[in-house]
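S.K.:
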Amino acid sequence: MTRLYGDAGREGLGRLDRLAGIDRIPTRRGALGLLGLSSLALAGCGSGSEDLAQQAQSGGDKGYVSGSGVITQLSGDERGEPLDLDFETLAGDSTSLAAWRPRVVAINLWYAACPPCRVEAPDLHETYESFGDQVEFLGVNVRDQAATAESFVRTFEVPYPIMIDGDGSMVSLLSSVLPPQATPSTVILDASGRAAARVVGAVTRSTLTGLIEDVLAQ
1 MTRLYGDAGR EGLGRLDRLA GIDRIPTRRG ALGLLGLSSL ALAGCGSGSE DLAQQAQSGG
61 DKGYVSGSGV ITQLSGDERG EPLDLDFETL AGDSTSLAAW RPRVVAINLW YAACPPCRVE
121 APDLHETYES FGDQVEFLGV NVRDQAATAE SFVRTFEVPY PIMIDGDGSM VSLLSSVLPP
181 QATPSTVILD ASGRAAARVV GAVTRSTLTG LIEDVLAQ
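Just so you know, we're using UniProt numbering here: the sequence shown kicks off at 1 and counts up by one.
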């Protein structure tokens with residue numbers, strides 16, 4: 001079954017559900033989601049679920065999804081086909097999502113001028129370090145030139161691979177999983193390469209850790 005947790009109200013979640021075409025019910029990890037997301041009011045201007053849904057639909061004047069994230073977990077029979085894409089990292093290495101299987105993969109969409117992206121960067125760094133070789137992380141820059149992305153990587157000491165999605169190929173691949181213009185957002189792929197969880201909006205270390213641990217335990 002699809003599971004969702006977070007600090008958004010039912011009415012606002014319904015609007016986002018209709019946008020994304022996904023049915024949701026509360027998860028047993030509700031307490032973790034509420035705790036992990038409570039600090040994200042710092043991430044942007046809006047914190048209500050209605051505002052979040054509207055931003056995800058339109059992209060917003062600011063070009064990013066502000067406020068607390070909305071989190072969804074998908075059961076095995078809801079995950080669809082494995083996702084794959086060949087790409088080159090900012091460091092010049094050629095690889096693919098399929099090459100990382102059977103490791104769990106966390107894909108984070110971001111760009112340098114996005115305030116929530118900057119807020120969540122240290123949490124992503126710490127989560128990556130905590131899992132070591134168990135999990136692959138990929139940062140997908142959806143807007144910047146390489147020099148701007150490299151400056152962000154240096155500033156926040158991003159330790160995992162980054163790709164520049166200049167042609168929108170990764171965003172297109174994830175279009176069945178994420179609402180349009182949903183930045184920042186994070187998708188977790190299971191060992192088979194299927195989308196197992198997503199966060200629309202900024203993510204905290206505690207929330208991301210809980211989602212990854214759930215996928216690793218399956």
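Ideal Cβ placement from N, Cα and C applies to all residues, glycine included. Source: prediction; values computed, not measured.
Starting from residue 132, trace the beta strand (DSSP E) in both directions and tell me its first and last residue.
M.R.: No beta strand (DSSP E) holds residue 132; DSSP gives it neither H nor E.
S.K.: To the nearest angstrom, report how far apart residue 138 and residue 160 are at their CA atoms.
M.R.: If you take the alpha carbons of residue 138 and residue 160, they lie about 6 Å apart.
S.K.: For residue 88, would you say it is in contact with chain D, using Cβ-to-Cβ distances shorter than 7 Å as the test?
M.R.: Structure shown: chain D not included; a single protein chain is present.
S.K.: Would residue 185 be called buried (16 or more neighbouring beta carbons within 10 Å of its own) or exposed?
M.R.: The residue in question, residue 185, is buried, as its Cβ has 16 or more Cβ neighbours within 10 Å.
S.K.: Would you call the stretch 155-172 and the stretch 189-205 in contact, with 3 or more CB pairs under 8 Å?
M.R.: Output reads no: the stretch 189-205 does not touch the stretch 155-172.
S.K.: Name the DSSP beta bridge partners of residue 106, please?
M.R.: Paired residue(s): 137, 188.
S.K.: Is the beta carbon of residue 202 sitting closer than 7 Å to the one on residue 120?
M.R.: Yes, Cβ-Cβ distance for residue 202 and residue 120 is below 7 Å.
S.K.: Could you pull out every residue in the same chain whose Cβ sits closer than 6 Å to the Cβ of residue 215, ignoring the five residues on either side in sequence?
M.R.: Answer for residue 215: 104, 188, 190, 196, listed in chain order.
S.K.: Thinking just about the alpha-carbon of each residue, which of 210, 165, 154, 82 is nearest to the one in residue 97?
M.R.: Closest option to residue 97, Cα to Cα, is 82.
S.K.: Could you please give the first and the last residue of the uninterrupted alpha helix (DSSP H) stretch that includes residue 147?
M.R.: Here the alpha helix (DSSP H) through residue 147 covers 146-156.
S.K.: Quick check on DSSP: helix, strand or coil for residue 81?
M.R.: The answer is coil: DSSP assigns residue 81 none of H, G, I, E or B.
S.K.: Suppose contacts are defined by Cβ-Cβ distances below 7 Å. Is residue 127 in contact with residue 72 by that definition?
M.R.: Result no, Cβ atoms of residue 127 and residue 72 do not sit closer than 7 Å.
S.K.: Quick one: what does DSSP say residue 113 is sitting in, helix, strand or coil?
M.R.: Correct three-state label for residue 113: coil.
S.K.: Quick one: grab the DSSP three-state call for residue 86.
M.R.: In this structure, residue 86 counts as strand in the three-state DSSP scheme.
S.K.: Quick one, which of 112, 123, 108 has its alpha-carbon nearest residue 143's?
M.R.: The option with the nearest alpha carbon to residue 143 is 112.
S.K.: Given a cut-off of 7 Å on the beta-carbon distance, is the pair residue 135 and residue 109 in contact?
M.R.: Going by C-beta atoms, residue 135 is not nearer than 7 Å to residue 109.
S.K.: I'd like the list of long-range same chain contacts for residue 149, defined as Cβ closer than 7 Å, with 5 residues on each side in sequence excluded.
M.R.: Excluding sequence neighbours, residue 149 sits near 90, 112, 141, 162, 164.
S.K.: Please state the DSSP three-state secondary structure of residue 217.
M.R.: Three-state DSSP puts residue 217 in coil, outside helix and strand.
S.K.: Using the beta-carbon count (16 or more within 10 Å), is residue 86 buried or exposed?
M.R.: Counting Cβ neighbours within 10 Å, residue 86 comes out exposed, since fewer than 16 surround it.
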